[in-house]
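Some notes on the structure that comes next.
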Amino acid sequence: MSEEAVDTHAPALSKAQRPQAASILHSSTLRLPQWTYFHLRLFTLSTESPAHDAVTARKNLNTAMMRYLGIIGSSISIDILKLDNLDLWVRVPRESGGAFHEAVSAWIGQGDMKYLVKAKDDWLVKLSDSNGQDMF
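Sequential numbering of the sequence shown, starting at 758, is according to the numbering used here.
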């Protein structure tokens, strides 16, 4: 028979005395967001306030994309999230965010209209003035 070494100096801990490990219910890391969000403002040199509704805004954005990227520009999905007077919030696929930014920045419409990019981010809540509730 062989003898086993037993450590008699370490006291055995009961279940109630064992330290509790931190329990994690859920952990997630968002590495690559699906969308890029833009806050745009329509700017014009005209003294008259331009007509700015969702249909006109979509037409302006599609025209900008077509001028910059040709037929491929018209295939990029642009979602209008909110339209408030001359301010416009849109989202585009993350991969197309750079092209959209360049196209909108270079576009000049009728009557010297232009969109100014006020903000751009991968997270919508960062573009809002408060905690994001004012967006909807």
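Glycine residues also receive a C-beta, built at the ideal position from the N, C-alpha and C atoms.
key: Classification of residue 788 by the beta-carbon crowding that lies within 10 angstroms, buried from 16 upward   = exposed
message = Within a Cβ cutoff of 7 Å, which residues of the same chain sit near residue 843, ignoring the five residues on either side of it in sequence?
response = 798, 799 and 809
Counted within 10 angstroms of its Cβ, other Cβ atoms place residue 793 as buried (16 or more) or exposed = Buried.
request  = Kindly list the residues whose CB is nearer than 6 Å to the CB of residue 782, restricted to its own chain and excluding five residues on each side of it in sequence; keep chain order.
outcome  = Its chain contains no residue whose beta carbon lies nearer than 6 Å to that of residue 782 once the 5 sequence neighbours on both sides are disregarded.
request  = Could you say which of 828, 827 and 853 lies nearest to residue 751 if we only look at CA atoms?
outcome  = Since the displayed the chain opens at 758 and closes at 893, residue 751 lies outside it and no answer follows.
query = Given a threshold of 16 other Cβ atoms within 10 Å of its Cβ, counted over all protein chains shown, does residue 875 qualify as buried or as exposed?
reply = exposed
ask   = If you run the structure through DSSP and keep just helix, strand and coil, what is residue 826?
value = DSSP, reduced to helix, strand and coil, places residue 826 within a helical segment of the structure shown.
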